[in-house]
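Below is one structure, written out as structure tokens; the observations come after it.
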Amino acid sequence: MKENTEIVNVNNFIYLAALMKSASTLIQQVLSAVQEPSNRPDHSKLDDAMTNAFMPMTMDFLKSFPHGGVFKNHAPIEYHNNLFLQQTGCKYVILMRHPADHLAAFFCHHRTVVSRVRWSAPPERSGPWWFAVGQTPAGFQDEEPETGIRRLIEFGYLFKCLQWMADWAAFRNPNQSRLLRYEDVVGDFETVVTKLCWFIRGVAPDEDLMRYVTHVFDHEAAEGARKNASQCYPRGWTGQSGAWRNYFSAETVEAYNCVVEKFIDAYPQARLLSTIYPNLTIDALDRPFRVNFRGRATAS
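Numbering (this note's numbering), first residue to last: 481 to 780.
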């Protein structure tokens, strides 16, 4: 489309749709490094939605990227987003995470956010709900983990997360996009980078690129490990696969599985999500090996 290419060279624009707390900042850095000939991210061409990270893309967003770049947000694939992707033909990456681990990480993330920023709103605009991928009950992060996460599960947030993942998986253009799992990013980082490099550059990563992005990965891992002592992570950092085991009770597991099973039965695209995550339902008594953020297998 001539009008679009006058705004931005869409061949140099990448859209990253990420479930929250799925290493989206890391992957954004990797995508930018892969995109640049220097093998280093260009921070002048990185951005995420400054006002609402859950709103869909529109053509107006491209005006902020006259030289291309990597844009990250958390919006679902719906009419406007899908139209944008079809019109531009830009490459895009979908990043998801096992929903049980996402809930634990999302709970702690909000403890971190609220500890830094005190939300304020006019009285007529305040209410019992926040909005992320789906509606979230205000103040859930102030509860004990079992109670706070149960509220996310039972008040509809988990269902919306499942819908977000299932829809992106079902309706993405496989030639125009790649789908990543957080668990693969932290467990087999070099393979993920190699696949992204082939997708964007059409060649395997060179030694300099791999050395740089591995350094970024190790830095993020070290930063995460330091969070273990933070009050915002009352039962340890949630960057590990299987982090839900530290934050779920038996009752939480039961409530989680109930919603997941209803989603699989009710939602048309749910079966595809079950192939991406065969362990979508969880068993608190099952203690398989898990992969930590450094990519090493450890007993749960």
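The beta-carbon is built from N, C-alpha and C at its ideal position, and this holds for glycine as well.
Please read all numbers here as calculations on a predicted model, not as lab measurements.
- Comparing alpha carbon positions, the residue from Val739, Leu660, Leu638, Leu760 closest to Ser504 is Leu660.
- Minimum Cα-Cα distance from Tyr747 among the listed residues Ser729, Gln643, Ala764 corresponds to Gln643.
- Excluding sequence positions up to five before and after Pro625, its CB lies within less than 7 Å of the CB of Phe587, Pro714, Arg715, Tyr727, all in the same chain and listed in chain order.
- Exposed is the label assigned to Asn655, since fewer than 16 other Cβ atoms lie within 10 Å of its Cβ.
- In this structure, Thr671 lies away from Tyr637, with their beta-carbon atoms at least 8 Å apart.
- Beta-bridge partners assigned by DSSP to Phe493: Gly549.
- CA-CA distance, His699 to Gly719, rounds to 13 Å.
- A distance of 8 Å or more separates the beta carbons of Ile633 and Ala584.
- In the DSSP annotation of this structure, Ile574 is not part of any alpha helix (DSSP H); the continuous beta strand (DSSP E) holding it starts and ends at 571-576.
- Cα atoms of Thr694 and His590: separation of roughly 28 Å, rounded to the nearest angstrom.
- Using a Cβ-Cβ distance cut-off of 8 Å, the stretch 702-711 and the stretch 559-579 are not in contact, since fewer than three pairs of beta carbons, one from each stretch, lie closer than that value.
- DSSP places Arg658 in the strand class (E or B) of the three-state scheme.
- Scanning its chain for C-beta atoms nearer than 6 Å, with the 5 sequence neighbours on each side dropped, one finds around Leu511 the residues Ile494, Val550, in chain order.
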